[in-house]
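These notes are about the structure you will find just below.
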Amino acid sequence: MDYDDFLENLEEYIRNSELSIGETEILGATLNSLGYLIIAYGAKIDIDELLNDDTNRDTAFRVFLFGQGLIALGYSILWVVSLNRLKTKILENDYLERQNSLHTYRKVEISYLLSSFANLLRFEAFYELLILKDEELSEEE
21 MDYDDFLENL
31 EEYIRNSELS
41 IGETEILGAT
51 LNSLGYLIIA
61 YGAKIDIDEL
71 LNDDTNRDTA
81 FRVFLFGQGL
91 IALGYSILWV
101 VSLNRLKTKI
111 LENDYLERQN
121 SLHTYRKVEI
131 SYLLSSFANL
141 LRFEAFYELL
151 ILKDEELSEE
161 E
């Protein structure tokens, strides 16, 4: 394989990687959107329980936890996507003489990593709130 063939294969590899990255990005964003919709539904359940003086259930807490789990998963996927995109841009700069701003792609990757950690922490907090609610309900019985 000569250098021109190598570059041609590399361009094809990068193109296929970008397509895969885009499809995975759709999955992460969809999970985030769905998670936030579920949390909004949980808030509606919470309001309904408060208005009807029916606070003896943990339904809203379970819905919040499920929604937050989807969001944490979505941001984790988006972090992997941004990491793969950064790697692709590094390849383009190193072998195809492109001038991608790696610093900018790195900032996106770091921001998704931080969002992943923040949402995993929030998921843990929602889980702890559910445990506290279940303990409160079992004490009332």
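Under the numbering used here, think of the first position of the sequence shown as 21, with each following residue one higher. Ideal Cβ positions, reconstructed from N, Cα and C, are used throughout, including at glycine.
Let me know the secondary structure DSSP gives residue i once reduced to three states.
i	result
residue 29	helix
residue 52	helix
residue 57	helix
residue 121	coil
residue 69	helix
residue 74	coil
residue 112	helix
residue 161	coil
residue 24	helix
According to the neighbour-count rule (16 or more other Cβ atoms, all chains shown, within 10 Å of its Cβ), is residue i buried or exposed?
i	result
residue 29	exposed
residue 85	buried
residue 72	exposed
residue 108	buried
residue 60	exposed
residue 105	buried
residue 22	exposed
residue 141	exposed
residue 33	exposed
residue 87	buried
residue 139	buried
residue 42	exposed
Could you check which residue in the options has the C-alpha nearest to that of residue i?
i	options	result
residue 100	120, 57, 125, 81	125
residue 69	91, 60, 80	80
residue 95	75, 159, 74, 53	53
residue 113	39, 31, 59	31
residue 98	38, 123, 111, 129	129
residue 51	65, 34, 74, 92	92
residue 157	47, 46, 78, 41	78
residue 151	82, 138, 119	82
residue 160	149, 76, 35, 102	76
residue 48	102, 144, 74	102
residue 89	136, 26, 118	136
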